[in-house]
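**Student:** Provided herewith is a single structure, encoded as structure tokens, for subsequent inquiry.
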Amino acid sequence: MQKLFDFLKTIFSPGSSHSAPLPQQSREELQAVFKKRYARFRSLLTANNNTLQAMAELEKAYYSGDSYRMALIRSRVITMLVNVYKMIGNLNEMSDGKYKELETVFEKTSSAINEIIDQQPTRRQGPYIRSIKEINRTDKDYVGEKMANLGEISSIPHIEIPPGFVLTTSATRHFLTPEIIAEINRLLQILEPDDLDSLFKTCQDIEETIMAAPLSAEIEEELMRYYADLEKQSFADCRVALRSSALGEDSEGLSFAGLYHSALHVERSSLAESYKSIVASKYSAKAIMYRAKRGYRHEDIEMCVGCQVMIDAQISGVTYSRDPEESHSETIRINVTAGLAKGVVDGTQATDLYLVDRIPPHTLVHADIRQKDHLSGHPVNANGSLSPQQLRQLTETALRIEKHFGKPQDIEWSYDQQGRLYILQCRPLAEVAAAIQSEEEQPVAIPEKDREKPFFLGGICAGSGGTIGTVCKVSSQKEMQRFPKGAIAVVEHPLPEWAPVLSKSAGIIAEHGSEAGHLATVSREFGIPALFSVPGAMKSLVNGETLTLNASGHSIYRGSRPEQLSRLTAKKDIMAGSPVQRIMAETLRHITPLTLLDPESSYFKPSCCETLHDITRFCHEKSVSEMFTFGQKTRSNQMAAKRLVGKVPLEWWVIDLADGIRSEADAEAKAVHIEDIASQPMLAIWRGISAFPWEGPPPVSMRGFGSIIFQSAMRPELDPAVASKMTVKNYFLISGNFCNLSARLGYHYAMIEAYASDLLTENYVTFRFKGGAADLKRKAIRARLLADILEQYDFSIELKSDALLARIKKKPAAYLESRLMVLGYLTLHARQLDMVMNQPGAVARYKERFLLEIEQMLALQPETVAMENGHADNQKNSAG
Numbered sequence: 002m003q004k005l006f007d008f009l010k011t012i013f014s015p016g017s018s019h020s021a022p023l024p025q026q027s028r029e030e031l032q033a034v035f036k037k038r039y040a041r042f043r044s045l046l047t048a049n050n051n052t053l054q055a056m057a058e059l060e061k062a063y064y065s066g067d068s069y070r071m072a073l074i075r076s077r078v079i080t081m082l083v084n085v086y087k088m089i090g091n092l093n094e095m096s097d098g099k100y101k102e103l104e105t106v107f108e109k110t111s112s113a114i115n116e117i118i119d120q121q122p123t124r125r126q127g128p129y130i131r132s133i134k135e136i137n138r139t140d141k142d143y144v145g146e147k148m149a150n151l152g153e154i155s156s157i158p159h160i161e162i163p164p165g166f167v168l169t170t171s172a173t174r175h176f177l178t179p180e181i182i183a184e185i186n187r188l189l190q191i192l193e194p195d196d197l198d199s200l201f202k203t204c205q206d207i208e209e210t211i212m213a214a215p216l217s218a219e220i221e222e223e224l225m226r227y228y229a230d231l232e233k234q235s236f237a238d239c240r241v242a243l244r245s246s247a248l249g250e251d252s253e254g255l256s257f258a259g260l261y262h263s264a265l266h267v268e269r270s271s272l273a274e275s276y277k278s279i280v281a282s283k284y285s286a287k288a289i290m291y292r293a294k295r296g297y298r299h300e301d302i303e304m305c306v307g308c309q310v311m312i313d314a315q316i317s318g319v320t321y322s323r324d325p326e327e328s329h330s331e332t333i334r335i336n337v338t339a340g341l342a343k344g345v346v347d348g349t350q351a352t353d354l355y356l357v358d359r360i361p362p363h364t365l366v367h368a369d370i371r372q373k374d375h376l377s378g379h380p381v382n383a384n385g386s387l388s389p390q391q392l393r394q395l396t397e398t399a400l401r402i403e404k405h406f407g408k409p410q411d412i413e414w415s416y417d418q419q420g421r422l423y424i425l426q427c428r429p430l431a432e433v434a435a436a437i438q439s440e441e442e443q444p445v446a447i448p449e450k451d452r453e454k455p456f457f458l459g460g461i462c463a464g465s466g467g468t469i470g471t472v473c474k475v476s477s478q479k480e481m482q483r484f485p486k487g488a489i490a491v492v493e494h495p496l497p498e499w500a501p502v503l504s505k506s507a508g509i510i511a512e513h514g515s516e517a518g519h520l521a522t523v524s525r526e527f528g529i530p531a532l533f534s535v536p537g538a539m540k541s542l543v544n545g546e547t548l549t550l551n552a553s554g555h556s557i558y559r560g561s562r563p564e565q566l567s568r569l570t571a572k573k574d575i576m577a578g579s580p581v582q583r584i585m586a587e588t589l590r591h592i593t594p595l596t597l598l599d600p601e602s603s604y605f606k607p608s609c610c611e612t613l614h615d616i617t618r619f620c621h622e623k624s625v626s627e628m629f630t631f632g633q634k635t636r637s638n639q640m641a642a643k644r645l646v647g648k649v650p651l652e653w654w655v656i657d658l659a660d661g662i663r664s665e666a667d668a669e670a671k672a673v674h675i676e677d678i679a680s681q682p683m684l685a686i687w688r689g690i691s692a693f694p695w696e697g698p699p700p701v702s703m704r705g706f707g708s709i710i711f712q713s714a715m716r717p718e719l720d721p722a723v724a725s726k727m728t729v730k731n732y733f734l735i736s737g738n739f740c741n742l743s744a745r746l747g748y749h750y751a752m753i754e755a756y757a758s759d760l761l762t763e764n765y766v767t768f769r770f771k772g773g774a775a776d777l778k779r780k781a782i783r784a785r786l787l788a789d790i791l792e793q794y795d796f797s798i799e800l801k802s803d804a805l806l807a808r809i810k811k812k813p814a815a816y817l818e819s820r821l822m823v824l825g826y827l828t829l830h831a832r833q834l835d836m837v838m839n840q841p842g843a844v845a846r847y848k849e850r851f852l853l854e855i856e857q858m859l860a861l862q863p864e865t866v867a868m869e870n871g872h873a874d875n876q877k878n879s880a881g
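Counting from 1, position 491 in the sequence shown corresponds to residue 492 in the working numbering; the numbering is continuous, with no gaps.
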């Protein structure tokens, strides 16, 4: 990151020559110098806009609750650093090097940002292998949460785990040499995770690289020594299970359920290859997708591998110490299957479901006996696969583990052939988000006789919520790679292999499986509606048809039926607590806060700039000042800014670039009247500004006022004393066909720029709007209100949070002038409007009023009416 930036500095560094104040020059010479300075000014404004746009995109990503990647942070930060450096260079060129100190301030800020972005996780060193009995929760950064949890459980009296050991992060670091890591990083750098074809190919290449690497003699010797110890604890030539225990796996809110490889029934001769296969599974497609979605970089995750004696399982299952869909329930859920628990977690086997009361004597509340076959020689009867004694033991064990860890647990277990209970895995339970329902989302009441019957009713809710989408069946990797964004995935078995589609899917339907499966766990983490155990789904549903999936209601409807989705699942911030989110938060602290405000303050100087936003604010303000004082520096009043005399009570100043003021006007006067303006774009903007007087700040409730005061207290940039000044200068830079208005009205900033001539291909209008006194949500609502209005007047809109960009280009001059009137009106009347955007009906009320007054304003312009009527013909003629 730093090297790239150092290279960019060599490109964008300003020249070292700074001239002395200009001598008296002819008008032609003066205009040539002014045009050069104006080009610097325009370059600075463009860089300023690019910086603010990148800031808005980062803020939007951070507050959205959606996933984002380090690539987004890096690209936007580079955009900002390059453009802020260009602003500094252009300002110093305009000011003869007056603000060289900005370079030092910028260097300090950019170094702090680069240090945050390039930071690496700390690494703990230690032995290559540790016995599970020797570890506990404090070792999770060394042996991974899964094995640390098992080590912790082994300390609870009367609870057994299979004997075993764990190959630590030190072992993996020793195995994956710097050369192997360099090759993996090279492959990852060319990877585009959203391109599934590229993802699967890259993952295959990485896994082959790892499998081809030799295991050092040192680690292999240690591995065999610990295996020999397992033989002593069990029996000779015992078979073992090797399972992943990556950092972060099985932690709270982050399961990685089924995304890494497990190797069962492993013999002594296969230990090394099985170990390598699990290390390689860190780079499987489903694992990479999951990490990207949850905000983890590859370097944040190190793989550890647990090795335990295989249990000759009679029955196995998964216990939830609380119902994941009802966090306050007093019910324990137990899913059971014959043999190993693998059939439960990968959704390939039917399971018996038991609901047991958490309160002693632990009464059986409900039993759903789904298994039809025999278990180990004895039949499945009405009581199911578990005896009352086993139900009680599983319930009591789950409650003891929950008490030990202090929160509900997801527990995998097995009974061996002798009836001994072993705990195989334990992690915090991923609970389903609570359902929310606002007044605006109340379902439409439908009479019983008119209610449509669902296409399917039943199944198992594996992930709550509802969605509408088109069917896309998935039964192979090729079909998964073609999966369209927003579709509903339909599968036979909810295998962990289908996890990559969760980054694109709106919901998932499976013919088999239960809520205890790995894919169900990941669906709940992502907040994706999932309905399992839907018989015949692959045959009866058609690719491309629209479905309404109400997983919470255990129902599927053909077609779009929004009325059936009466409750919405609260949106999860799936990035919460992740390394990427932490890096984003730390980075934004050096970027977005604005502490430099009042240009008249003694603290408005380079040394007081604390963030990139401060630097852009300083450069923008001083660049305008440099344009303003240009005439004085050249000892010429002809090019100096003139104060505009008009009826609108704010500070308006005009800088004439060329032919923007009528030749008959007094060139020596320090003020200019609106009647002296010859710039048609400026006149159009002014007609909009002056059409209706601003009525002052909107009426704010005491609660709303208190919120604004709170915002001002929390955010220094919202100083009411600063924002209310009527002496803030707003500048028109004009020529006969050109106008650039930079306005700071209250808490928000607006920029209007236009060129309008007879040449259609050169004509354009650009409008930028950002800021406000209220919180980000209300500022964004105001920006959306303005966007909705401008869309009605043919503007193309780009809206990111509270940052609005609106454009029109290649239209006739008269057409553009009418749109400039609209922009002039909105720039003035949107002042402080964000304060009331939380009041009921405010958006609709102001939208109605604004549109009414805009139409009245445009109707008073005779040329506007004629122009609008002939708009289509003008377009055709201009195109010709």
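Note that beta-carbon positions come from the ideal geometry of N, C-alpha and C, so glycine has one too.
Give, in chain order, every unbroken run of the alpha helix (DSSP H) that is at least 4 residues long and sits entirely within the region 665–691.
**Tutor:** Runs found: 681–691.
**Student:** Give the list of continuous alpha helix (DSSP H) stretches no shorter than 4 residues that lie fully inside the region 227–303.
**Tutor:** Listed in chain order, the complete alpha helix (DSSP H) runs (minimum 4 residues) inside the region 227–303 are 272–281, 286–295.
**Student:** Is it the case that the Cβ atoms of Ser402 and Ile136 are separated by a distance below 9 angstroms?
**Tutor:** The sequence given here has Ile at residue 402, not Ser. In this structure, Ile136 does not lie closer than 9 angstroms to Ile402 by Cβ.
**Student:** I want to know whether the region 782–802 touches the region 733–744 - three or more CB-CB distances under 8 angstroms.
**Tutor:** Flag = no, the region 782–802 and the region 733–744 do not touch.
**Student:** Between Gln372, Leu103, Asn186, Tyr284, which has its C-alpha nearest Phe619's C-alpha?
**Tutor:** Phe619 has its Cα closest to that of Leu103, out of Gln372, Leu103, Asn186, Tyr284.
**Student:** His363 to Gly554, Cα distance in whole Å?
**Tutor:** Going from the Cα of His363 to the Cα of Gly554 covers about 28 angstroms.
**Student:** Looking at the secondary structure, which residues open and close the beta strand (DSSP E) in which Ile469 lies?
**Tutor:** Residues 467–474.
**Student:** Excluding the 5 residues flanking Pro163 on each side, which residues of the same chain have their C-beta closer than 6 angstroms to its C-beta?
**Tutor:** Cβ within range, chain order: Gln309, Val310, Ile312, Tyr423.
**Student:** Pull up the distance between the alpha-carbon of Ser271 and that of Ser476, whole angstroms please.
**Tutor:** Approximately 31 angstroms between the Cα atoms of the pair.
**Student:** Taking C-alpha atoms, which residue in Asn336, Gln350, Ser330 lies nearest to Asp358?
**Tutor:** Nearest C-alpha to Asp358: Ser330.
**Student:** Compare the beta carbon distance of Gly518 and Phe533 with 9 angstroms and say whether it is the shorter of the two.
**Tutor:** Yes.
**Student:** Can you give, in chain order, each stretch of the alpha helix (DSSP H) that sits fully within the region 456–541 and has at least 4 residues?
**Tutor:** The region 456–541 contains these whole alpha helix (DSSP H) runs: 478–482, 519–527, 538–541.
**Student:** May I ask you to report which of helix, strand or coil DSSP gives His367?
**Tutor:** Of the three classes helix, strand and coil, the one that applies to His367 here is strand, per DSSP.
**Student:** Is it true that the region 278–295 meets the region 236–248, where meeting means three or more beta-carbon pairs spaced less than 8 angstroms apart?
**Tutor:** The region 278–295 is in contact with the region 236–248.
**Student:** Need the endpoints of the beta strand (DSSP E) that Gly318 sits in, please.
**Tutor:** Where Gly318 is concerned, the enclosing beta strand (DSSP E) stretches over 314–321.
**Student:** Residues in its own chain within less than 6 angstroms of Arg41 by CB, not counting five upstream and five downstream?
**Tutor:** Excluding positions up to five away in sequence, the list reads Asn91, Glu94, Met95.
**Student:** Assuming Leu777 and Tyr64 make a contact with CB atoms under 8 angstroms, what is their CB distance in whole Å?
**Tutor:** Indeed they touch by this definition, with Cβ atoms about 6 angstroms apart.
**Student:** Which runs of the beta strand (DSSP E) spanning at least 3 residues fall entirely within the region 741–771, listed in chain order?
**Tutor:** You should have 749–756.
**Student:** Under a three-way DSSP split, which group does Leu59 fall into?
**Tutor:** DSSP places Leu59 in helix when its eight states are reduced to three.
**Student:** If I measure Cβ to Cβ from Ala775 and keep anything under 6 angstroms in the same chain, skipping five residues before and after, which residues do I get?
**Tutor:** The answer, listed in chain order, is Asp835, Met836.
**Student:** Please report whether the beta-carbon of Lys671 lies at a distance below 9 angstroms from any beta-carbon of chain C.
**Tutor:** In the structure shown, chain C does not exist; there is a single protein chain.
**Student:** Less than 9 angstroms between the C-beta atoms of Ala247 and Ile207, yes or no?
**Tutor:** No.
**Student:** DSSP three-state call for Val543: helix, strand or coil?
**Tutor:** Coil at Val543, not helix or strand.
**Student:** Could you check where the alpha helix (DSSP H) with Gly90 kicks off and where it finishes?
**Tutor:** Start and end: 71–95.
**Student:** Just how far apart, CA to CA, sit Arg295 and Lys61?
**Tutor:** Their Cα atoms are separated by approximately 17 angstroms.
**Student:** Pick out the complete alpha helix (DSSP H) segments inside the region 767–834, 4 residues or longer, and give them in chain order.
**Tutor:** Listed in chain order, they are 777–792, 814–830.
**Student:** Enumerate in chain order the residues of its own chain whose CB-to-CB distance from Ala807 is below 6 angstroms, with the five nearest sequence positions on each side excluded.
**Tutor:** Once the five neighbours on either side are set aside, the close Cβ partners of Ala807 are Phe768, Leu791, Phe796, Ile798.
**Student:** Inspect the beta-carbon positions of Arg298 and Met71 and report whether they are closer than 9 angstroms.
**Tutor:** Their beta carbons are under 9 angstroms apart, which means Arg298 touches Met71 by this criterion.
**Student:** Using the Cα positions of Glu754 and Ala666, report the straight-line distance between them to the nearest angstrom.
**Tutor:** Each residue's Cα considered, the two are about 24 angstroms apart.
**Student:** Could you have a look at Lys411 and say whether DSSP puts it in helix, strand or coil?
**Tutor:** With the sequence shown as reference, residue 411 is identified as Asp, and Lys is not the correct amino acid for it. Note: Asp411 maps to strand in three-state DSSP.
**Student:** Can you tell me whether DSSP reads Asn551 as helix, strand or coil?
**Tutor:** The answer is strand: DSSP assigns Asn551 an E or B state.
**Student:** Let me know if Pro361 comes out buried or exposed under the rule of 16 or more other beta-carbons within 10 Å of its beta-carbon.
**Tutor:** Classification of Pro361: exposed, given that the 10 Å Cβ count is below 16.
**Student:** Tell me the DSSP secondary structure of Val144 in three-state form.
**Tutor:** Three-state DSSP puts Val144 in a helix.
**Student:** How should Ile809 be labelled, buried or exposed, when 16 other C-beta atoms within 10 angstroms of its C-beta is the threshold for buried?
**Tutor:** Classification for Ile809: buried.
**Student:** I'd like the list of long-range same chain contacts for Thr352, defined as Cβ closer than 8 angstroms, with 5 residues on each side in sequence excluded.
**Tutor:** Taken in chain order, the residues that qualify are Gly318, Asn336, Val337, Thr338, Gly344, Val345, Arg371, Gln372, Ser515, Ala517.
**Student:** Out of Cys204, Gly420, Val144, Ala213, which has the shortest C-alpha to C-alpha gap to Thr178?
**Tutor:** For the residues Cys204, Gly420, Val144, Ala213, the minimum Cα distance to Thr178 belongs to Ala213.
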